[in-house]
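Numbering (our numbering), first residue to last: 520 to 798.
A quick write-up on the structure given underneath.
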């Protein structure tokens, strides 16, 4: 078991906030129990770019999930394959429950040791982890929409688990699940090739390089520009674009009181190169 019953459910989706889909998830969960505490992690995952949706989902969940108490149920409904042959899973880990499509989108909550170097693969869950296929869960209501499994299948399971329900009650056991590669790019022999993982609302461009692996001085080459690092803070660089450790452990490219992404034309997927000891 992931520890004490928390009664907390986090939601990560590509629904946006315009159409009432998020409210339907909330309503379904509150019908399980009005005592549930629901946290909206993000509903702005890109919906028309499968690879970008996976990257964004993994980046957001990797950054946020560890901040929650044991027993939290983490839901991801980023599901371009809804209605297809893909399955839905509920996964028990030593610290949390993960519920969503079996597409690799839940990988942030799983050990790096079972994740592939590249792409998506099937992996057997290690000791202390269990999973159930919830595609035909008995916890669903009488009517299940073919286009809204998040509401009709995932939410009822998440609510039950958040209240201490048994994993066995959610569906048949499965031994392996889809896992996606980690987001971090390796730095080998003093250099590495990576990409922009995310651009936040301030225009900071988060790279795929871990700050701890970058060394005491480095430079990042991106969009034809050389950016030196590490800066100690946003303000310390004045009007220059700099690289510095972000709060989630990656290096980010930033501009104090401005948008580094706009200044350099950066977006998710833009290639970046790091050279250690070059600054």
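C-beta: ideal position from N, C-alpha, C; glycine also.
Coil, strand or helix - residue i by DSSP
i	result
residue 585	helix
residue 751	coil
residue 742	coil
residue 626	helix
residue 770	strand
residue 530	strand
residue 523	coil
residue 785	coil
residue 632	helix
residue 779	helix
residue 640	strand
residue 730	helix
residue 796	coil
residue 737	strand
residue 800	Summary: the structure shown does not reach residue 800, with the chain confined to residues 520 through 798, and so no result is reported for it.
residue 604	coil
Option in the options with minimal Cα separation from residue i
i	options	result
residue 546	675, 648 and 744	675
residue 598	619, 716, 637 and 615	619
residue 772	766, 761 and 664	761
residue 702	635, 688 and 748	635
residue 606	752, 765 and 654	654
residue 691	668, 664, 656 and 647	656
residue 704	550, 633 and 637	637
residue 790	743, 777, 766 and 778	743
residue 567	647, 533, 626 and 754	533
residue 624	666, 551 and 569	569
residue 792	673, 666, 759 and 748	748
residue 776	753, 765, 558 and 543	753
residue 604	665, 633 and 557	665
residue 667	716, 544 and 794	544
residue 765	716, 759, 558 and 662	716
residue 778	758, 796 and 795	758
residue 700	663, 633 and 673	633
Rounded Cβ spacing between residue i and residue j (contact assumed at less than 8 Å)
i	j	result
residue 671	residue 660	6 Å
residue 652	residue 608	6 Å
residue 698	residue 732	Not confirmed; about 22 Å, so no contact.
residue 650	residue 610	5 Å
residue 746	residue 735	Residue 746 to residue 735, Cβ: 16 Å. No contact.
residue 531	residue 579	6 Å
residue 768	residue 724	Actually they are not in contact, since the Cβ atoms of residue 768 and residue 724 sit about 15 Å apart, beyond 8 Å.
residue 521	residue 590	5 Å
Contact check, residue i vs residue j, beta carbons under 8 Å
i	j	result
residue 613	residue 525	no
residue 465	residue 528	The structure shown does not extend to residue 465, since the chain is modelled only from 520 to 798, so the question has no answer here.
residue 709	residue 555	no
residue 783	residue 741	yes
residue 576	residue 564	yes
residue 780	residue 763	no
residue 706	residue 721	no
residue 714	residue 788	yes
residue 616	residue 680	yes
residue 712	residue 770	no
residue 658	residue 688	yes
residue 785	residue 718	yes
residue 592	residue 562	no
residue 539	residue 596	no
residue 628	residue 584	yes
residue 800	residue 696	No statement about residue 800 is possible, as the shown extent of the chain runs from 520 to 798 and does not include it.
CB contact check: residue i to chain C, cutoff 8 Å
i	result
residue 686	Considering every chain present, this structure includes no chain C. It has just one protein chain.
**Prompt:** Quick one: complete beta strand (DSSP E) runs, 3+ long, within the stretch 644-714?
**Reply:** Complete beta strand (DSSP E) runs here, min 3: 649-652 and 695-699.
**Asked** Quick one: complete beta strand (DSSP E) runs, 3+ long, within the stretch 537-595?
**Response** DSSP runs (the beta strand (DSSP E)) wholly in the stretch 537-595: 556-561.
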